[in-house]
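Q: Below is the structure I would like to discuss, written out as C-alpha cells.
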Amino acid sequence: MDTLRNKPRSKVFSFLLLLLIPVSAGLAQTAPPEGDGACVGGKPSAPVKIEVFSDYQCPACRTFYLETMRLVLSDYADAGKVCVVYREFPLNMHAYARPAARYAYAAQRLGMRQWAQVTEALYQSQDQWAQSGKLDPVIAAALSKEDLARLRKLLQDPSIDQAITRDIALGQKLEVNSTPTFFITAKEKTEKVTGMIQYPILRRYLDFLLGK
1 MDTLRNKPRS KVFSFLLLLL IPVSAGLAQT APPEGDGACV GGKPSAPVKI EVFSDYQCPA
61 CRTFYLETMR LVLSDYADAG KVCVVYREFP LNMHAYARPA ARYAYAAQRL GMRQWAQVTE
121 ALYQSQDQWA QSGKLDPVIA AALSKEDLAR LRKLLQDPSI DQAITRDIAL GQKLEVNSTP
181 TFFITAKEKT EKVTGMIQYP ILRRYLDFLL GK
C-alpha cells in the first residue's frame with residue numbers, strides 16, 4: 001500500500017472482521033463518492049458499485065488489480081452484478097504515475113475493452129516503465145494500430161488532465177491518503193476500505209451484499 005507523505009492515514013475497515021463478527025453487528029460507513037464515474041465493467045444499474053482510487057505505479061494497486069479486481073470484473077461485473085469504477089489517484093512520490101493515468105483515462109474514452117488492455121499492460125509491465133518512464137512502447141504493444149492512433153490524439157486533449165485533477169480532488173475530499181482505497185456502495189450504504197483485499201474475502205462480502 002502506497003501512502004501520501006505527511007498525511008494521516010484514513011480509518012481502515014477490514015473485511016477480515018466479517019469473518020469474526022456477525023454481519024448484523026454493523027459496519028463502518030461513509031458517504032459515497034460524488035460524480036458519475038463511468039463503469040469500466042458492469043452497468044450503472046448494478047446493485048453493487050465498487051469505486052477504486054488507484055495509482056498505476058503503486059505495487060499494491062498492481063496486485064489488487066491483477067489478483068482481485070480482474071476477477072471481480074469477470075465474475076461479477078460481466079454478470080451485471082457489480083459496476084466497477086476506477087478513479088485516477090497518482091501519488092506525487094511516483095514520477096510516472098500521472099503520465100500512466102493519462103494513457104488509461106484516454107483509453108477509457110475509446111472503450112472498456114481498450115481500457116482493460118491498457119490497464120493490463122501497465123500493471124503487467126510496471127517494473128519496466130516505473131524505472132525508465134517509457135510508457136508509449138508498453139501501450140503500443142497492447143493496442144491495435146488504429147486504437148493507438150486514436151489514443152495518441154486523445155492525449156492531446158486538455159480535458160484528460162482536467163478529469164484526472166478532478167479525480168484527485170475527489171479523493172482528497174474523501175480523505176483518500178493511500179492507494180489502493182476503494183468504496184463499496186450497496187443498498188444505500190457505502191463502506192470505505194484502504195489497502196489490498198484478497199479476492200476470496202471480497203467475494204464473500206459481495207455475495208453477502210447480493211443476498212447469496
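Everything in the sequence shown is counted per my numbering, starting at 1 for the first residue and increasing by one. Even glycine gets a Cβ: it sits at the ideal position worked out from N, Cα and C. Owing to the predicted nature of the structure, the values given are computational and were not obtained by experimental measurement.
(1) Under a three-way DSSP split, which group does GLU191 fall into?
(2) Here's the rule I'm using: 16 or more other beta-carbon atoms within 10 Å means buried, otherwise exposed. How should SER24 be labelled?
(3) Looking at the structure shown, is CYS83 part of a helix, part of a strand, or coil, going by DSSP?
(4) Under 8 Å between the Cβ atoms of ALA104 and VAL118?
(5) Measure the C-alpha to C-alpha separation of MET93 and GLU51 and round it to an integer number of angstroms.
(6) When DSSP labels each residue in this structure, what does PHE89 get in the three-state scheme?
(7) Check each candidate in ASP207, ASN177, SER178 and GLY195 and name the one with the smallest Cα separation from ALA220.
(8) Quick one: what does DSSP say SER178 is sitting in, helix, strand or coil?
(9) Alpha carbon to alpha carbon, what distance is there between LEU210 and LEU122?
(10) Suppose you measure from the CA of SER54 to the CA of ALA163; what does that come to, to the nearest Å?
A: So, from the listed chains and residues:
(1) Strand at GLU191.
(2) With a pLDDT of 31 at SER24, under the threshold of 50, the modelled position of this residue cannot be trusted; read the value that follows with caution. By the 10 Å Cβ count, SER24 comes out exposed.
(3) Here CYS83 sits in strand by DSSP.
(4) Yes. Within cutoff.
(5) As the crow flies, the alpha-carbon of MET93 is around 23 Å from that of GLU51.
(6) When secondary structure is reduced to three states using DSSP, PHE89 falls in the coil class, being assigned neither helix nor strand.
(7) Here the chain has residues from 1 to 212 only, and residue 220 is not among them.
(8) Assignment of SER178 by DSSP, reduced to helix, strand and coil, places it in the strand class.
(9) Going by C-alpha positions, LEU122 is about 31 Å away from LEU210.
(10) Going by C-alpha positions, SER54 is about 14 Å away from ALA163.
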